[in-house]
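K.L.:
In our numbering, the protein residues as written are 1322 to 1712. Think of the CB as a built atom: it goes at the ideal place given N, C-alpha and C, for glycine as much as any other residue. Fair warning: this is a prediction, and the values are worked out from it, not measured in the lab. Pasting in a structure now, in structure tokens, and then I'll have a few things to ask.
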């Protein structure tokens, strides 16, 4: 469904409802800074003032959020609210080009806000070092004109979609994995438009879809998809071009080709009226940084010899491929999170690459249950001397 298929053309409606050109933020901007883009007749001074008056919420300052934030600020978006509870890790730097080595260990939201302010002092960036939750999402996102979801986990994707449908906000969404990327713009439009739940009605099970930490990703792909997301956001806010409403853009980096799929709203789907918590359905929002309490592959043999409890939290099908650590027990992540009690305290958790075990470790720590996470996961055991049991 394109924007022209809706009863009311989308960009003008959003602008009339959400982006008045007389906001104080628009008065702070020196429009001369944006002269080159204002020379585009599709944007012009009117479109630039709309950008300067816009309030955009960006969820995540990672691989997609970093380039999107950079270009949104540089384009002159008036107010940006950035949500990210994570810290900068060395493994982020190859793709999250907003950060430098000087930022290692710092809050991503705070460091990003500082860099964006240095780049574009006239843009207001509010750093929120908290996780969006079903309890606070509606309050935190209300008052914005558009939401950009740059996260890499399913619970936050569903949360953002549900909150935006309830608040009637357009949602720019992107996803990357290996050499592939996807971009779309979702908008409930009072029951007429397409949302994330129309494309993915059922959340995946824990571990069903590999993370970038497990499957790998190139930084340049993040730049392509993140920049495309920023472009779509600017088109929506300025009211220009053919926005990706009702369309899913697919990018294949190895073929250097864009493809497109049409999207339609599921006529049987009831409108979302409350934000659902899908955390236990499909796993936790996974921080990209290390766990708070880790065990290395070199340390694991001694712990096993001493009788330490080791728990494999991968899915059953993953065990069939390469086996599991001899002496370990198998409890899938979702099952462990639903039934975890203090009896698991002190255990060493591992997944494929360490991402899911780090997320689980952090979640259990918040419940007062101390466990440890195996750095690098099962895939990082090569040469460690750990015995592997083939299934």
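Where residue 1703 and residue 1665 are concerned, what is the direct C-alpha to C-alpha distance, given to the nearest angstrom?
P.N.:
Rounded to the nearest angstrom, the two C-alpha atoms are 26 Å apart.
K.L.:
Compare the Cα-Cα distances from residue 1478 to each of 1667, 1579, 1381 and 1556 and report the closest residue.
P.N.:
Of 1667, 1579, 1381 and 1556, the residue nearest in Cα terms is 1381.
K.L.:
Would you grab the beta carbon distance between residue 1490 and residue 1468 for me? Rounded to a whole angstrom, and I think it's under 8 Å.
P.N.:
The Cβ separation is near 6 Å, so the contact holds.
K.L.:
Under three-state DSSP, which class holds residue 1583?
P.N.:
Strand.
K.L.:
Would you mind giving the Cβ-Cβ distance between residue 1568 and residue 1496, rounded to the nearest angstrom? I have them listed as a contact below 8 Å.
P.N.:
Not really, about 15 Å apart at Cβ, beyond 8 Å.
K.L.:
Please report the residue range of the beta strand (DSSP E) in which residue 1376 lies.
P.N.:
Counting along the chain, the beta strand (DSSP E) containing residue 1376 begins and ends at 1376-1380.
K.L.:
Would the stretch 1444-1458 count as touching the stretch 1386-1403 if we require 3 or more Cβ pairs under 8 Å?
P.N.:
Taking 8 Å as the limit for Cβ pairs, the verdict is that the stretch 1386-1403 does touch the stretch 1444-1458.
K.L.:
Between 1654, 1700 and 1710, which has its C-alpha nearest residue 1678's C-alpha?
P.N.:
Measuring from the Cα of residue 1678, the nearest candidate turns out to be 1654.
K.L.:
So if DSSP puts residue 1464 in a beta bridge, which residue, or which two residues, is it bridged to?
P.N.:
Residue 1464 is not bridged to any residue.
K.L.:
Between which two residues does the alpha helix (DSSP H) carrying residue 1400 extend?
P.N.:
Where residue 1400 is concerned, there is no enclosing alpha helix (DSSP H), although the beta strand (DSSP E) it sits in stretches over 1400-1404.
K.L.:
Could you name the residues that DSSP lists as bridge partners for residue 1664?
P.N.:
In DSSP, residue 1664 forms no bridge with anything.
K.L.:
When the Cα atoms are used, what is the spatial distance from residue 1335 to residue 1698?
P.N.:
Confidence at residue 1335 is low in this model, with a pLDDT of 46, below 50, so the placement of that residue should be treated as unreliable; the coordinate-derived value is given next. Each residue's Cα considered, the two are about 46 Å apart.
K.L.:
Would you list the residues sitting across from residue 1568 in a DSSP beta bridge?
P.N.:
Beta-bridge pairing links residue 1568 to 1583.
K.L.:
Are the stretch 1415-1427 and the stretch 1452-1459 touching by the rule of at least three beta carbon pairs closer than 8 Å?
P.N.:
Output reads no: the stretch 1452-1459 does not touch the stretch 1415-1427.
K.L.:
With a threshold of 16 other CB atoms inside 10 Å of the CB of residue 1494, please say whether the residue is buried or exposed.
P.N.:
Buried: at least 16 other Cβ atoms inside 10 Å.
K.L.:
Could you have a look at residue 1611 and say whether DSSP puts it in helix, strand or coil?
P.N.:
With a pLDDT of only 49 at residue 1611, under the threshold of 50, the placement of this residue in the model should not be trusted; the figure read from the coordinates follows. The answer is coil: DSSP assigns residue 1611 none of H, G, I, E or B.
K.L.:
From 1643, 1647, 1540 and 1619, pick the residue whose C-alpha is nearest to that of residue 1630; which is it?
P.N.:
Closest by alpha carbon: 1647.
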